[in-house]
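> Residue numbers (the numbering used here): 1 to 363. The beta carbon of each residue, even a glycine, is placed where N, CA and C say it ideally should be. Submitted below is the structure of interest, expressed as structure tokens.
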């Protein structure tokens with residue numbers, strides 16, 4: 001049977017070649033970002049008043065003067081990628097400025113919404129992250145249920161087994177997870193304030209790798225809510241004595257969730273298999289009253305939006321989860337299937353929040 005593939009036009013083929021170059025070499029962008037973070041370039045620009053030339057950075061970072069032309073090339077790529085902005089209006093050398101991206105790569109900025117993301121960059125560009133992805137094709141050929149990360153390293157990401165294997169990496173990855181999960185909590189409480197109005201009691205599930213920071217922020221912002229945190233022992237042992245009224249319960253979230261009007265799952269489900277998601281959601285449904293009595297589950301998580309501006313980031317996060325964990329990201333159809341299988345009758349997507357959304361799910 002003759003092929004039905006139509007030969008692309010000359011222009012399309014030339015563009016395709018450029019796309020292959022871009023896709024094949026795009027790994028250099030995160031590694032260039034890692035280089036900038038390790039050298040301290042975002043911090044140096046910030047301390048220089050928010051803008052600096054390559055020559056000024058050579059001096060500020062005590063780099064050999066012979067590296068000046070190479071630094072200019074590195075900065076040019078990072079500026080094209082949005083890590084910095086560049087001022088070319090001056091007759092002098094280009095000056096690179098802090099962008100929203102590099103703002104998040106500076107430590108010590110005195111603002112309640114700021115969190116330094118350097119640990120996330122360094123974790124995702126580490127050899128322990130990159131090597132499992134290099135072996136993806138071989139992993140696909142094997143009939144195995146473990147992730148490429150676990151198969152290669154013999155340890156689970158964010159788990160004590162990783163701490164025993166490589167304590168420094170484990171600490172860095174845990175800090176990256178903390179940044180991933182808790183950046184924007186204060187913004188979310190401002191954005192979704194109406195979501196918590198009328199709630200009298202809440203159970204917050206920390207999950208296997210989460211923490212209680214979200215629960216503490218909610219309890220502080222809404223002191224009228226009777227807040228219970230279902231958490232592993234290490235979180236309960238480390239709870240701060242800050243006067244925030246929270247009742248801690250140790251337990252297995254797949255077996256029992258303390259009853260409340262509302263159950264909150266913040267970035268818990270994407271760490272789990274679909275079967276585990278359904279099992280956990282079914283326990284959530286048992287823990288809440290009927291919808292007419294105010295029962296609902298609030299879920300904050302990533303949702304793949306096939307027509308949205310965050311699509312590539314969401315899909316990269318999904319392949320990252322596939323490579324490093326047993327979890328995944330879901331699109332709306334897949335989320336709906338999970339809710340239905342767990343026995344819920346309806347859900348509402350409240351609003352997009354960066355790469356994430358907030359769901360209300362009703363029994």
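1. Taking the beta carbon of residue 118 as the centre, do at least 16 other beta carbons fall within 10 Å, making it buried, or is it exposed?
2. Figure out for me which residue from 9, 159 and 280 has the closest Cα to the Cα of residue 171.
3. Hey, could you find the ends of the beta strand (DSSP E) residue 366 is sitting in?
4. In chain order, which continuous runs of the alpha helix (DSSP H) of length 4 or greater are located wholly inside the segment 83-142?
5. Measuring alpha carbon to alpha carbon, tell me which of 4, 328, 351 and 323 ends up nearest residue 130.
6. Using beta-carbon positions only, say whether residue 223 and residue 261 come within less than 8 Å of one another.
7. When you compare only the Cα positions, how much space is there between residue 127 and residue 18?
8. Counting Cβ pairs, one atom from each stretch, are 3 or more of them under 8 Å apart for the segment 275-295 and the segment 336-352?
9. Look at the alpha carbon of residue 300 and the alpha carbon of residue 22, and state the distance between them as a whole number of angstroms.
10. Under DSSP, the beta strand (DSSP E) around residue 348 begins and ends at which residues?
11. Roughly how many angstroms separate the alpha carbons of residue 77 and residue 96, rounded to a whole number?
12. Give me the residue from 65, 85, 216 and 43 with the minimum Cα distance to residue 238.
13. Which two residues bound the contiguous beta strand (DSSP E) that contains residue 63?
14. Buried or exposed for residue 325, please, with buried defined as at least 16 other CB atoms from any protein chain shown within 10 angstroms of its CB.
15. Runs of 4 residues minimum, wholly inside the segment 215-263: which ones carry the alpha helix (DSSP H) assignment?
16. In the DSSP assignment, the alpha helix (DSSP H) including residue 79 goes from what residue to what residue?
17. Around the Cβ of residue 102, are there at least 16 other Cβ atoms within 10 angstroms (buried) or fewer (exposed)?
18. Could you round the C-beta distance between residue 246 and residue 229 to whole angstroms and report it? I think they count as a contact, below 8 Å.
19. By alpha-carbon positions, which one of 363, 138, 52 and 273 ends up nearest to residue 330?
20. Using a 10 Å radius around the Cβ and a threshold of 16 neighbouring Cβ atoms, would you call residue 240 buried or exposed?
21. For the putative contact between residue 32 and residue 74, defined by C-beta atoms under 8 Å, what is the C-beta separation to the nearest angstrom?
22. For residue 35, name the three-state secondary structure that DSSP assigns.
23. Tell me where the beta strand (DSSP E) around residue 203 begins and ends.
24. Determine whether the beta carbon atoms of residue 257 and residue 205 lie at a separation below 8 Å.
25. Cα separation between residue 55 and residue 155?
26. Looking only at its own chain, which residues have a Cβ that is under 8 Å from the Cβ of residue 28, when we skip the five neighbours before and after it?
In this structure, then:
1. buried
2. Minimum Cα distance to residue 171 is reached at 159.
3. Only positions 1 to 363 of the chain appear in this structure, which leaves residue 366 out of reach.
4. 100-103, 118-124, 127-134 and 136-141
5. Measuring from the Cα of residue 130, the nearest candidate turns out to be 323.
6. no
7. 28 Å
8. Contact holds: three or more Cβ-Cβ distances are below 8 Å.
9. 34 Å
10. 346-353
11. Each residue's Cα considered, the two are about 12 Å apart.
12. 216
13. First-last for residue 63: undefined, no H or E at that position.
14. buried
15. List check, alpha helix (DSSP H) in window: 233-237.
16. 68-80
17. It counts as buried.
18. 5 Å
19. Looking at the Cα atoms, 273 is the closest of the given residues.
20. exposed
21. 6 Å
22. Looking at residue 35 - three-state DSSP - the assignment turns out to be helix.
23. 201-205
24. yes
25. 44 Å
26. 77
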